[in-house]
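Residue numbers (this note's numbering): 156 to 556. Built from N, CA and C at the ideal position, the CB exists for glycine as well. In what follows, a structure is listed as structure tokens, so that the remarks can point back to it.
Here you go:
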């Protein structure tokens with residue numbers, strides 16, 4: 156009798172213990188599965204072609220495309236009430252918070268949840284202080300300027316610049332005839348980032364040589380004559396300069412090359428003088444022989460001497476625009492030339508579609524066998540970043556929030 160009671164007690168303990176183990180596994184695992192995204196579509200779902208932007212970047216409407224903008228077969232919306240029909244939901248860096256985890260809103264296995272940012276990793280960690288670990292297994296895709304991003308979202312491409320600029324044998328003489336000023340730098344971030352501080356120091360070394368630089372933007376409160384940014388008049392003014400200082404706010408961040416390189420100088424026929432990105436990163440994406448890099452010179456004074464040489468030698472100056480001389484040259488042929496001249500550089504052929512169009516295609520054309528998951532957003536965005544990029548400087552004690 157006593158033996159039976161003991162066996163019964165042991166059996167109860169075994170059942171209870173099994174239940175506890177199961178409950179523990181369920182509580183730690185199953186909630187994660189509730190929010191873990193899978194891009195395998197619902198076979199009963201008819202794609203609607205809706206891309207939902209969870210919020211405006213920086214919570215400002217003019218920073219992104221307006222409601223209803225078409226991207227291929229999809230249209231963009233900011234109306235959260237449409238989340239159930241959305242094929243993809245886009246979260247900008249400035250609109251995510253670990254307070255959103257666990258996810259309290261609708262989510263379907265058919266949807267792609269996409270992280271979008273054009274900021275460099277240093278800014279993400281020390282300026283925005285985002286806790287990416289909170290978003291492990293939350294996103295399906297990343298959409299960034301990194302060449303290995305799931306969806307490429309760069310600031311510019313070799314192809315786009317080449318397609319938009321005027322080309323032909325007479326272009327070089329025309330460009331030269333428009334020059335009446337030497338160099339310009341437009342900058343508004345003076346000291347909020349380590350790279351911004353160091354580029355300002357480099358600029359001071361340049362002007363200390365006596366080299367005249369028209370210094371504009373909030374850091375200098377100068378150039379009142381400069382028209383509104385990107386206006387037709389602004390472009391006409393930029394064309395007058397021979398050199399445009401394309402100084403980034405980072406040092407060596409992988410693939411980080413912004414509008415400072417693409418929009419002002421290359422659009423308007425000015426030689427970009429680059430500081431910040433590595434030489435190879437610029438070669439990988441830029442038109443052939445189209446820029447000057449500060450890293451090619453031991454000192455700022457040496458750079459100045461070279462700029463002065465180009466200013467006095469039209470033939471040498473125009474070499475930086477030879478990529479615009481042959482209107483029949485294709486971008487594929489140019490990229491082959493660059494690869495031949497720089498065999499150690501992986502020349503990047505950017506996608507021909509926009510980032511949102513690529514997202515639309517991924518969302519609508521996915522098959523039941525496809526599945527995307529960003530298991531670690533921190534590893535994806537920062538994990539293989541160069542040490543030169545992530546050095547904190549005086550921001551070393553900043554923690555994530």
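{"Item": "Status (buried if at least 16 other CB within 10 Å, exposed otherwise) for residue 358", "Value": "buried"}
{"Item": "For residue 372, the residue or residues it bridges with in DSSP", "Value": "377"}
{"Item": "Contact between the region 493-503 and the region 468-476 (3+ Cβ pairs under 8 Å)", "Value": "no"}
{"Item": "Distance, residue 259 Cα to residue 449 Cα", "Value": "49 Å"}
{"Item": "Within 8 Å, strictly: CB atoms of residue 348 and residue 277", "Value": "yes"}
{"Item": "Residue 312 versus residue 389 - alpha carbon distance", "Value": "21 Å"}
{"Item": "Cut-off 7 Å between Cβ atoms - residues of its own chain near residue 510, not counting five sequence neighbours on either side", "Value": "298, 306, 307, 308"}
{"Item": "Where residue 396 sits in the DSSP three-state scheme", "Value": "strand"}
{"Item": "Simplified DSSP state of residue 348, which is helix, strand or coil", "Value": "coil"}
{"Item": "Reference residue 375; option with closest CA among 366, 355, 361, 394", "Value": "355"}
{"Item": "6 Å CB neighbourhood of residue 182 in its chain, flanking five on each side removed", "Value": "For residue 182, the pLDDT reaches just 35, beneath the cut-off of 50, and the residue's location in the model is therefore unreliable, leaving the point undetermined."}
{"Item": "Reference residue 294, options 270, 282, 351, closest by Cα", "Value": "270"}
{"Item": "C-alpha gap between residue 461 and residue 502, whole angstroms", "Value": "27 Å"}
{"Item": "Residue burial classification, residue 265 (beta-carbon count within 10 angstroms, cutoff 16)", "Value": "buried"}
{"Item": "Distance CB(residue 211)-CB(residue 219) smaller than 8 Å", "Value": "yes"}
{"Item": "Exposure label - residue 373; buried when at least 16 CB within 10 Å", "Value": "exposed"}
{"Item": "Between the CA atoms of residue 534 and residue 185 - distance to the nearest angstrom", "Value": "Residue placement at residue 185 is poorly supported in this model, since its pLDDT is 32, which falls under 50; the coordinates still yield a value, given next. If you take the alpha carbons of residue 185 and residue 534, they lie about 24 Å apart."}
{"Item": "Sequence-distant residues of its chain with Cβ nearer than 8 Å to residue 549 (five each side left out)", "Value": "349"}
{"Item": "Best match in 314, 404, 481, 516 for proximity to residue 281 [C-alpha to C-alpha]", "Value": "404"}
{"Item": "One or two residues paired with residue 310 in a DSSP bridge", "Value": "Partner(s): none; residue 310 has no beta bridge."}
{"Item": "Closest Cα partner of residue 367 within the set 392, 346, 381, 398", "Value": "398"}
{"Item": "Limits of the unbroken beta strand (DSSP E) element including residue 232", "Value": "229-232"}
{"Item": "Proximity winner among 221, 261, 227, relative to residue 240 (alpha-carbon distances)", "Value": "261"}
{"Item": "Alpha carbon of residue 222 to alpha carbon of residue 245, nearest angstrom", "Value": "14 Å"}
{"Item": "Residues that DSSP places opposite residue 296 in a beta bridge", "Value": "269"}
{"Item": "Cross-strand partners of residue 225 (DSSP beta bridge)", "Value": "230"}
{"Item": "Cβ neighbour criterion (16 or more within 10 Å) applied to residue 415", "Value": "buried"}
{"Item": "CA nearest to the CA of residue 285, picked from 234, 252, 291", "Value": "252"}
{"Item": "Where the alpha helix (DSSP H) through residue 477 begins and ends", "Value": "It is not in any alpha helix (DSSP H) - residue 477 carries neither H nor E in the DSSP assignment."}
{"Item": "Cβ neighbours of residue 413 in the same chain (closer than 7 Å, five flanking residues each side left out)", "Value": "310, 403"}
{"Item": "According to DSSP, residues forming a beta bridge with residue 448", "Value": "429"}
{"Item": "Test item: CB-CB of residue 446 and residue 440 under 8 Å", "Value": "no"}
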